[in-house]
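**Student:** I'd like to ask some things about the structure below.
Residue numbers (my numbering): 16 to 285.
This is how it looks when you write it as structure tokens:
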């Protein structure tokens with residue numbers, strides 16, 4: 016007679032760490048218990064926690080939390096890469112943001128992380144042809160977080176948006192993997208053309224606060240865009256650009272600018 020096999024316990028070090036951090040946080044600050052149980056400790060895995068946070072932040076009188084949670088659950092079930100990207104985003108923030116000391120923080124507190132995860136659900140809706148639902152998510156993300164990302168934009172994994180105030184990413188923009196950007200960044204167009212009209216950002220790029228990258232131009236991998244710059248022309252890989260309009264002022268200075276987060280310009284202008 017065959018013995019019934021028990022289901023294998025899913026080993027998930029990231030989620031295990033998040034739950035331990037939440038338990039410790041409740042012990043340290045009991046007044047946070049309700050929030051941390053709702054966001055973390057009531058859930059069995061990261062997918063469920065992300066789904067809850069998405070729906071809790073974006074629901075309104077026009078769209079219930081139950082409906083939004085069902086949408087997110089379906090997205091995560093149908094496309095596991097969405098959660099894989101969320102994990103990469105979490106680790107990127109922990110590694111690059113000196114204000115982040117726990118994996119718990121982005122899920123509960125950081126609007127840059129929360130906005131990107133909501134965009135990922137909106138992009139999944141867009142890919143399925145559910146355009147109006149995706150626009151609703153975009154609208155709510157803009158209203159709640161001050162981040163406006165068109166659901167058709169293509170954004171990689173390992174993304175950190177620090178502070179995440181007044182971020183704009185247009186419809187035909189492409190953002191590679193392991194990109195870091197600070198507040199008030201715009202990846203925008205330059206006119207009313209309807210085809211490819213937004214920037215294509217390579218892997219490992221660092222975009223400083225207030226930088227504007229405009230038009231269908233390429234920003235090469237592992238390059239740096241200085242704070243306040245207006246980029247209107249292609250940026251070669253591994254270079255630093257600065258100014259209005261931006262010009263090459265030196266090398267990027269390291270292999271992974273988006274990881275080092277070094278924004279100082281040490282090279283002499285060329």
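Backbone N, C-alpha and C define an ideal beta-carbon position, used for all residues, glycine too. Bear in mind the structure is a predicted one, so any value in this text is a computation, not a measurement.
Hey, is the segment 147-164 in contact with the segment 95-112, meaning 3+ C-beta pairs nearer than 8 angstroms?
**Tutor:** Segments in contact, no.
**Student:** Unbroken alpha helix (DSSP H) runs of length 4 or more, entirely within the segment 78-156: which are they?
**Tutor:** Segments of the alpha helix (DSSP H) lying fully in the segment 78-156: 80-93, 96-111, 119-123, 126-142.
**Student:** Determine, using beta-carbon pairs with one atom in the segment 36-55 and one in the segment 113-126, whether at least three such pairs fall under 8 angstroms.
**Tutor:** The segment 36-55 vs the segment 113-126: in contact.
**Student:** Just mark residue 205 as buried or exposed, buried being the case when its beta carbon has 16 or more other beta carbons within 10 Å.
**Tutor:** Its Cβ having fewer than 16 others within 10 Å, residue 205 is exposed.
**Student:** What's the gap between the Cα of residue 41 and the Cα of residue 264?
**Tutor:** Their backbone Cα atoms lie some 49 angstroms apart in a straight line.
**Student:** Comparing alpha-carbon positions, which option in 224, 232, 246 lies nearest residue 279?
**Tutor:** Here the closest residue by C-alpha is 224.
**Student:** If I measure Cβ to Cβ from residue 192 and keep anything under 6 angstroms in the same chain, skipping five residues before and after, which residues do I get?
**Tutor:** Result list for residue 192: 171, 172, 173, 218, in chain order.
**Student:** Check whether the Cβ atoms of residue 102 and residue 29 lie closer than 8 angstroms to each other.
**Tutor:** Against a cut-off of 8 angstroms, the Cβ pair of residue 29 and residue 102 comes out as a contact.
**Student:** Please say whether residue 232 and residue 200 have beta carbons closer to each other than 8 angstroms?
**Tutor:** Not closer than 8 angstroms, so no.
**Student:** What's the gap between the Cα of residue 33 and the Cα of residue 63?
**Tutor:** About 13 angstroms.
**Student:** So who's on the other strand from residue 194, going by DSSP bridges?
**Tutor:** Residue 194 pairs with nothing; no bridge assigned.
**Student:** Helix, strand or coil for residue 43, going by three-state DSSP, please let me know.
**Tutor:** In this structure, residue 43 counts as helix in the three-state DSSP scheme.
**Student:** Select from 237, 45, 146, 140 the residue whose C-alpha is nearest the C-alpha of residue 286.
**Tutor:** Outside the modelled stretch of the chain, which goes from 16 to 285, sits residue 286, for which no answer is possible.
**Student:** Counting only C-beta atoms, is residue 223 closer than 8 angstroms to chain B at any point?
**Tutor:** In the displayed structure, chain B is absent; only one protein chain is listed.
**Student:** Would you grab the beta carbon distance between residue 127 and residue 178 for me? Rounded to a whole angstrom, and I think it's under 8 angstroms.
**Tutor:** That pair is a contact at about 7 angstroms.
**Student:** Would residue 46 be called buried (16 or more neighbouring beta carbons within 10 Å of its own) or exposed?
**Tutor:** So residue 46 counts as exposed.
**Student:** Under DSSP, the beta strand (DSSP E) around residue 265 begins and ends at which residues?
**Tutor:** Looking at the DSSP string, the run of the beta strand (DSSP E) that includes residue 265 is 262-266.
**Student:** In the DSSP assignment, find the alpha helix (DSSP H) that holds residue 63 and state where it starts and stops.
**Tutor:** Segment 61-73, the alpha helix (DSSP H) holding residue 63.
**Student:** When you compare only the Cα positions, how much space is there between residue 115 and residue 51?
**Tutor:** If you take the alpha carbons of residue 115 and residue 51, they lie about 17 angstroms apart.
**Student:** Can you tell which of 267, 185, 262, 248 has its C-alpha closest to the C-alpha of residue 239?
**Tutor:** Ranking 267, 185, 262, 248 by Cα distance to residue 239 puts 267 first.
**Student:** Taking a contact to mean a Cβ-Cβ separation below 8 angstroms, would you say residue 189 touches residue 227 in this structure?
**Tutor:** Not in contact: residue 189 and residue 227 (Cβ atoms no closer than 8 angstroms).
**Student:** Could you check which residue in 164, 213, 151 has the C-alpha nearest to that of residue 77?
**Tutor:** Of the listed residues, the one whose Cα sits closest to residue 77 is 151.
**Student:** Can you tell me the Cα-Cα spacing of residue 255 and residue 269, whole angstroms?
**Tutor:** For residue 255 and residue 269, the distance between alpha carbons rounds to 11 angstroms.
**Student:** So who's on the other strand from residue 205, going by DSSP bridges?
**Tutor:** For residue 205, which the question treats as bridged, DSSP gives no partner whatsoever.
**Student:** Could you check if residue 81 belongs to the surroundings of the ligand SAH, using beta carbon to heavy atom distance under 7 angstroms?
**Tutor:** Although the ligand SAH was asked about, the structure shown includes no ligands whatsoever.
**Student:** Measure the Cβ-Cβ separation of residue 244 and residue 257 and say whether it is below 8 angstroms.
**Tutor:** Against a cut-off of 8 angstroms, the Cβ pair of residue 257 and residue 244 comes out as a contact.
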